[in-house]
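The structure appears right after this line, and notes come after that.
In our numbering, the protein residues as written are 49 to 282.
In structure tokens, the structure reads:
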């Protein structure tokens with residue numbers, strides 16, 4: 049069920065596959081609507097498939113299936129400024145590129161399970177993948193190859209995010225800490241802080257300011273941290 053914020057209406061997907069879409073779902077990513085009363089989103093499920101759902105308030109709903117992953121899908125991200133292309137990663141040690149019809153457009157081999165993937169609005173041709181072994185890889189979709197890597201120097205790496213305000217900075221959730229990288233300076237962490245004693249699972253930059261990020265841990269506790277002043281100086 050999706051709420052239309054403009055008209056206050058609700059959209060219910062009347063499809064046979066709706067029960068399967070939400071059974072064992074591991075990740076959901078929403079894409080910016082392309083036109084009024086239209087929404088497209090992708091779901092990675094326990095069946096190792098991605099469902100791309102397109103719908104409007106008139107009942108015109110479609111569901112495309114992306115098949116290719118051979119193990120659980122851990123993360124999905126849409127690529128800005130495209131017709132609906134998305135990237136995904138998972139426990140099969142791959143990063144995959146898909147078009148909106150569900151056709152695979154590329155596959156990159158990883159050296160460990162991919163735990164999270166993200167794309168920056170100002171860097172739509174680049175993809176960041178957080179590998180469980182502590183390595184963050186940056187791929188160029190245009191060049192079809194890896195162009196850089198960042199090393200957390202520990203594991204497991206569970207999540208990474210690109211600063212929305214400054215694409216030079218990346219944050220990672222690794223072990224019990226969050227770590228900050230400045231890609232133009234070093235492949236090693238610029239700063240690291242203890243976050244969750246039971247393990248840091250997720251991390252996200254604030255979209256409206258560069259000096260705030262949020263983390264969550266194994267016990268579902270959440271914390272907000274102000275990023276050190278060293279970030280503000282660059």
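The C-beta atom is built at its ideal place from N, Cα and C for all residues, glycine as well.
Spatial neighbours of residue i in its chain, beta-carbon cut-off 6 Å, leaving aside the 5 residues before and after
{"i": "residue 202", "result": "182, 222 and 223"}
{"i": "residue 271", "result": "263"}
{"i": "residue 215", "result": "168, 170 and 171"}
{"i": "residue 160", "result": "179, 180 and 181"}
{"i": "residue 255", "result": "212"}
{"i": "residue 145", "result": "135, 153 and 154"}
{"i": "residue 104", "result": "85 and 86"}
{"i": "residue 102", "result": "88 and 110"}
{"i": "residue 198", "result": "184, 229 and 235"}
{"i": "residue 71", "result": "Summary for residue 71: the model assigns pLDDT 46, below 50, so the residue's position carries little reliability; its value from the coordinates is reported in the next sentence. Around residue 71: no qualifying Cβ."}
Rounded distance between the beta-carbons of residue j and residue i, thought under 8 Å
{"i": "residue 122", "j": "residue 133", "result": "Actually they do not touch by this definition, with Cβ atoms about 19 Å apart."}
{"i": "residue 249", "j": "residue 261", "result": "Not confirmed; about 14 Å, so no contact."}
{"i": "residue 165", "j": "residue 188", "result": "In fact, because the Cβ distance is near 14 Å, the residues do not count as touching under 8 Å."}
{"i": "residue 162", "j": "residue 143", "result": "6 Å"}
Residues of its chain near residue i, where Cβ-Cβ distance is below 7 Å and the 5 sequence neighbours each way are ignored
{"i": "residue 169", "result": "128"}
{"i": "residue 230", "result": "216, 217, 238 and 282"}
{"i": "residue 280", "result": "For residue 280, the predicted structure reports a pLDDT of 49, less than 50, and the residue's modelled location is therefore unreliable. A value from the coordinates is still provided. Counting only Cβ-Cβ distances below 7 Å, and skipping sequence neighbours, we find 259."}
{"i": "residue 18", "result": "Beyond the ends of the chain as shown, which are 49 and 282, falls residue 18; an answer cannot be given."}
{"i": "residue 63", "result": "With a pLDDT of only 38 at residue 63, under the threshold of 50, the placement of this residue in the model should not be trusted, and no figure is reported."}
{"i": "residue 131", "result": "148"}
Paired residues, beta bridge with residue i - DSSP
{"i": "residue 212", "result": "None, per the DSSP bridge assignment."}
{"i": "residue 292", "result": "In the structure as shown, the chain starts at 49 and stops at 282, and residue 292 therefore has no counterpart that could be examined."}
{"i": "residue 252", "result": "262"}
{"i": "residue 110", "result": "102"}
{"i": "residue 153", "result": "According to DSSP, residue 153 bridges with nothing at all."}
{"i": "residue 247", "result": "For residue 247, which the question treats as bridged, DSSP gives no partner whatsoever."}
{"i": "residue 239", "result": "228"}
{"i": "residue 176", "result": "166 and 186"}
{"i": "residue 289", "result": "Past the edges of the chain, shown from 49 to 282, lies residue 289, and the structure says nothing about it."}
{"i": "residue 234", "result": "Residue 234 pairs with nothing; no bridge assigned."}
{"i": "residue 87", "result": "103"}
Best match in the options for proximity to residue i [C-alpha to C-alpha]
{"i": "residue 141", "options": "118, 153, 151 and 149", "result": "118"}
{"i": "residue 236", "options": "185, 125 and 158", "result": "185"}
{"i": "residue 228", "options": "246, 206 and 200", "result": "200"}
{"i": "residue 192", "options": "173, 206 and 207", "result": "173"}
{"i": "residue 138", "options": "151, 110 and 206", "result": "206"}
{"i": "residue 204", "options": "247, 259, 258 and 234", "result": "247"}
{"i": "residue 120", "options": "130, 91 and 110", "result": "91"}
{"i": "residue 100", "options": "113, 109, 106 and 108", "result": "113"}
{"i": "residue 243", "options": "220, 233, 232 and 197", "result": "220"}
{"i": "residue 233", "options": "196, 175, 126 and 125", "result": "196"}
{"i": "residue 194", "options": "210, 209, 208 and 156", "result": "156"}
Distance cut-off 7 Å: residue i Cβ against heavy atoms of the ligand NAP
{"i": "residue 146", "result": "As presented, the structure is devoid of all ligands, the ligand NAP included, so that no description of it is given."}
Same chain, Cβ closer than 8 Å to residue i, neighbours up to 5 away in sequence not counted
{"i": "residue 81", "result": "Model confidence at residue 81 stands at a pLDDT of 48, short of 50, so the residue's coordinates are unreliable; what they give is reported in the following sentence. 87 and 88, listed in sequence order."}
{"i": "residue 240", "result": "225, 226, 227 and 228"}
{"i": "residue 190", "result": "173"}
{"i": "residue 158", "result": "137, 141, 142, 143, 177, 179 and 185"}
{"i": "residue 266", "result": "244, 246, 247 and 249"}
The segment 161-181 touching the segment 88-100, judged by at least three CB pairs closer than 8 Å: no
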